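*Asks:* The structure under discussion is supplied below as structure tokens; questions concerning it will follow.
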Amino acid sequence: IVCSIHQYLADAQVSPESTFLIGLRCGGLLAASLWSGLISKRFTCVENSESVVAFHTLSEHPDFVVVMIASGAVYTWKLSEETVCRHFHLPNMFYCQPLSSDGSCAIISTENDSVNVLDLSRVRLCSFKAEGSVIKACVDKTGCYVAYISSPDNSCTCYLHAKLILTAARLSDGEKIGSVQLHSKPLHLFVSEQQTVFVGFEDGSVGVYAVSDVTVGEEEFIRERKSLEDHLEKCPFDREPLSLFCQDKPNITWP
1 IVCSIHQYLA DAQVSPESTF LIGLRCGGLL AASLWSGLIS KRFTCVENSE
51 SVVAFHTLSE HPDFVVVMIA SGAVYTWKLS EETVCRHFHL PNMFYCQPLS
101 SDGSCAIIST ENDSVNVLDL SRVRLCSFKA EGSVIKACVD KTGCYVAYIS
151 SPDNSCTCYL HAKLILTAAR LSDGEKIGSV QLHSKPLHLF VSEQQTVFVG
201 FEDGSVGVYA VSDVTVGEEE FIRERKSLED HLEKCPFDRE PLSLFCQDKP
251 NITWP
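Numbered per full-length UniProt numbering, the sequence shown finishes at 255, counting up by one with no gaps.
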């Protein structure tokens, strides 16, 4: 054991030079020394009341950390000098939730029937054209995929064509992996790192959709699917524990 850090740090990352453990706590960004275990540095800026929503360490510039706060401002934090430099401000439509956990990409708007994703790791803005107005959007933890739910923009109001559509796409090249119609009103959307999309519906049901991407090896895909098995969850409305197991094979596979 090198040291003991007594404060919990969410989404913690070890700095490239292995001197600090950097993580989120109560809306702030803290750096704990890996020698003493004590919190030795704290990110502060003019908007000190704003919460930090994401951060990203830079391997090529180990002394700097890219920080994003809730208002949409993006900073670099120099650890050695404890100085902060503000670079730009994201538009008002910036969302705090649809972010990759390392802060490498973020959904900044869902206007004009499109999903706009800011990729900070490659310094580019990606725009995905949807089939209609976007209801919900989310990026996965690693920043590889984006999933969004859209409402078809057509004049037909029949039961078949009025359904909402769930679509998944790759961030690297913008290729749409596939889409599927939803049969109920969605309330929540989440993309896991195991290439699985979870949709929570208004009636309390949860839809689980597997993202079958040809760029991922079959063995790796099967291994990640098996890692989801044998999880036990207790339903608060049942007296006995309810066992929830992921299927070995998805019942819906996007082409």
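Virtual Cβ for every residue (Gly too), placed ideally from N, Cα, C.
Predicted, not measured: the structure shown is a model, and the values here were computed from it.
1) Which full runs of the beta strand (DSSP E) of 3+ residues lie inside the region 109-164, going along the chain?
2) So is K136 buried or exposed if we call it buried at 16+ other beta carbons inside 10 Å?
3) Go ahead and pull the three-state DSSP assignment for C3.
4) Could you say which of L79, M68, S80 and K78 lies nearest to H89 if we only look at CA atoms?
5) Which of the three DSSP states is assigned to C26 in this structure?
6) Measure the C-alpha to C-alpha separation of D11 and V66 and round it to an integer number of angstroms.
7) Determine the direct distance from the alpha carbon of E131 to that of G143, and round the result to whole angstroms.
8) Taking the alpha carbon of S49 as the reference point, which residue from L38, L58 and G28 has its own alpha carbon closest?
9) Mark D140 as exposed unless 16 or more other C-beta atoms lie within 10 angstroms of its C-beta, in which case mark it buried.
10) With DSSP run on the structure shown, which of helix, strand or coil describes T57?
11) Count the other CB atoms, across all protein chains shown, that sit within 10 Å of the CB of Y75; report buried if there are 16 or more and exposed otherwise.
12) Roughly how many whole angstroms lie between the Cα atoms of C96 and H56?
13) Under the three-state reduction of DSSP, which class applies to D173: helix, strand or coil?
14) Would you mind working out which of D203, I39 and V180 sits nearest Y209, comparing C-alpha positions?
15) At the level of alpha carbons, what is the spacing between G207 and T167?
16) Enumerate in chain order the residues of its own chain whose CB-to-CB distance from H87 is below 6 Å, with the five nearest sequence positions on each side excluded.
17) So for P255, helix, strand or coil by DSSP?
18) List the whole-angstrom C-beta distance separating T110 from V134, where the pair is believed to meet the contact cut-off of C-beta under 8 Å.
19) For S18, which residues in the same chain have their Cβ closer than 8 Å to its Cβ, ignoring the five residues on either side in sequence?
20) Compare the Cα-Cα distances from residue 337 to each of Q7, G72, V52 and T44 and report the closest residue.
21) Where does F20 fall in DSSP's three states?
22) Tell me the DSSP bridge mates of T167?
*Replies:* Answer, in terms of the structure:
1) Counting only runs of 3 or more, we get 114-119, 124-129, 132-139 and 145-152.
2) Buried, by the Cβ-count rule.
3) Collapsing the DSSP output to three states places C3 in coil.
4) Nearest of L79, M68, S80 and K78 to H89, Cα basis: M68.
5) Here C26 sits in coil by DSSP.
6) Annotation: D11 to V66 spans about 14 Å, alpha carbon to alpha carbon.
7) Going by the C-alpha atoms only, they are around 22 Å apart.
8) It is G28 whose Cα lies nearest to the Cα of S49.
9) D140 is buried by the Cβ-count criterion.
10) Under the three-state reduction of DSSP, T57 is assigned to strand.
11) Result: buried.
12) Residue placement at C96 is flagged as unreliable, the pLDDT there being 48, under the threshold of 50; a coordinate-derived value is accordingly withheld.
13) In the three-state reduction of the DSSP assignment, D173 falls in the coil class.
14) Out of D203, I39 and V180, V180 has the C-alpha closest to the C-alpha of Y209.
15) Taking the straight line joining both Cα atoms gives about 14 Å.
16) Excluding sequence neighbours, H87 sits near V74.
17) Residue placement at P255 is poorly supported in this model, since its pLDDT is 46, which falls under 50; the coordinates are not used for a value here.
18) Taking a contact as a CB-CB distance under 8 Å, the pair T110 and V134 counts as one, their CB atoms being some 4 Å apart.
19) Once the five neighbours on either side are set aside, the close Cβ partners of S18 are L34.
20) Outside the displayed range of the chain (1 to 255) lies residue 337, so it cannot be described from this structure.
21) Strand, per DSSP.
22) Partner residues in the beta bridge of T167, as assigned by DSSP, are Y148 and S179.
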